[in-house]
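Worksheet: the structure to be examined is printed underneath.
Number of protein chains: 2
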Amino acid sequence: MQLYVERGFEQTTVAEIAKRAGLTARTFFRHFADKREVLFAGSADLQANLVRALGEAAPDAASPMRAVSAALDAAATALGQHREHSRQRQSVINANADLRERELIKLASLAAALADGLRRHGVPEPDASLAAETGIVVLRIAFERWVGEPHAADLPQIMRETLDSLKTVTSAR
Amino acid sequence: MQLYVERGFEQTTVAEIAKRAGLTARTFFRHFADKREVLFAGSADLQANLVRALGEAAPDAASPMRAVSAALDAAATALGQHREHSRQRQSVINANADLRERELIKLASLAAALADGLRRHGVPEPDASLAAETGIVVLRIAFERWVGEPHAADLPQIMRETLDSLKTVTSAR
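Residue numbers (this note's numbering), protein chains in the order written: chain V, 49 to 221; chain R, 49 to 221.
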């Protein structure tokens, strides 16, 4: 990723990335479908992490947001370790339309996995999708605040504050 | 769009679409960037419609969801006119990964436009983004229910029910 920061995403070739990582281009493509995927290598782990924490919180039909909130807390603890790395990664993504699209797809996939986890625990529709998708909205907005504000609190705390803001915003008439 | 339904999106060429519409390929590309855009021709109008209704509802910082809800109501009235056409269009989109991506991008653009409208009316962050993005989640889920359920109520009513479900889901502890 350091190469993307130094030269810009468009100007960096797969050959250069592979060389910096001590790999051949062939080995690179065994690990990543394309050079965009390098930036999203953590998203499978993040998804597994979210779904595991959701399951451990034992979602129920009466309060699916409680389990989503536990999943977000686990994700925030894992994601919130390396702020400078996260900040650099996000600035590379924000500067490139293709990367922003890839990010939208990854977020949609996280939401679908959470909704699926809720349904498997008996949460009916549309509640399962609503809880999962608003949860991912909170994750994205909290993450953006965390990387964007120089003196931001830690990510789990911002996540909880954002979840509280969501409750206030959606409950107002 | 009828060609996409008859032959599938991948199998339909721009030349065939243009011929059916009585256009040359050159004229086609003056109106649409690519053949995916044909399916999203209405999204600029939808966005203008949402933003106009949001402004007319005069959003305020204390209850941004009230204005978002008015915007969704206007959108639902406009979108809810042609159920069979909407159903066919959605089945073409759902069958193709590129089209699903394009749809995610259009939805993100709607959310960004709503958030921008709220901020211009003095709604602070993160409330503006939370209200806008959860509003678009409600729009997408309500639309999916409306096209997917054979005996569904009309779209404005499903939109209001989905918004009520959102409030219940996010307020539960």
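Glycine residues also receive a C-beta, built at the ideal position from the N, C-alpha and C atoms.
Here ARG193 of chain R is buried: its Cβ has 16 or more other Cβ atoms, across all protein chains shown, within 10 Å. Taken through DSSP and simplified to helix, strand or coil, THR60 of chain V comes out as coil. Across the structure, LEU51 of chain R and LEU214 of chain R are spaced so that their CA atoms are roughly 37 Å apart. Taking the CA atoms as reference points, ALA159 of chain R sits about 23 Å from HIS130 of chain R. The alpha carbon of HIS133 of chain V has as its nearest neighbour, out of V:GLU209, V:ALA69 and V:GLY196, the alpha carbon of V:GLY196.
Secondary structure of GLU181 of chain R (DSSP, three-state): helix. Proximity of the stretch 99-114 of chain R to the stretch 165-181 of chain R meets the contact definition, three or more beta-carbon pairs being nearer than 8 Å. When only Cα atoms are considered, LYS67 of chain R and GLN136 of chain R end up about 21 Å apart.
For SER139 of chain R, no CB of chain V lies under 9 Å from its own CB, so it is not counted at the interface with that chain. Within chain R, no C-beta atom comes nearer than 7 Å to that of LEU187 of chain V; the closest sits roughly 11 Å away. Along the stretch 169-184 of chain R, going in chain order, the ones with a CB nearer than 7 Å to a CB of chain V are PRO174, ASP175, SER177, LEU178, ALA179, GLU181 and THR182. No Cβ-Cβ contact shorter than 9 Å links ARG208 of chain V with ASP146 of chain V. Residues of the stretch 99-119 of chain V with a Cβ closer than 7 Å to any Cβ of chain R, in chain order: ALA110, SER111, PRO112, MET113 and ARG114. VAL140 of chain R is a Cβ neighbour of VAL53 of chain R, given a cutoff of 9 Å.
With distances taken between CA atoms, ALA156 of chain V lies nearest to V:ILE184 out of V:LEU178, V:ILE184, V:GLY165 and V:GLU173.
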